[in-house]
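Note that our numbering has the sequence shown beginning at 441, numbered continuously upward.
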Amino acid sequence: MIHYYLDGSWVGGHRGANFVGQPMWIIINLQMEGSSGSPGPTSDTYYRARNLYVGRSRT
């Protein structure tokens, strides 16, 4: 089970199979181009994350 937390509160999770020993990537992306009704930025934009923790449970 993979759990997702935002500001210390659980917001969701994924249950799957064959996770053990497989490479995983973290993609942090809040891209919403077009969702707000506008075409989005025309130049580079940056998103910064801090205090990101990736860990595992032994249970």
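Every residue gets a Cβ at the ideal spot worked out from N, C-alpha and C, and that includes glycine. Keep in mind that this is a model prediction, so the values were computed, not measured.
Span of the beta strand (DSSP E) holding residue i?
i: glycine 452; result: 449-454
i: tyrosine 444; result: 442-446
If you draw a straight line from the C-alpha of residue i to the C-alpha of residue j, how long is it?
i: aspartate 447; j: glycine 495; result: 16 Å
i: methionine 464; j: histidine 443; result: 14 Å
i: glycine 456; j: serine 483; result: 38 Å
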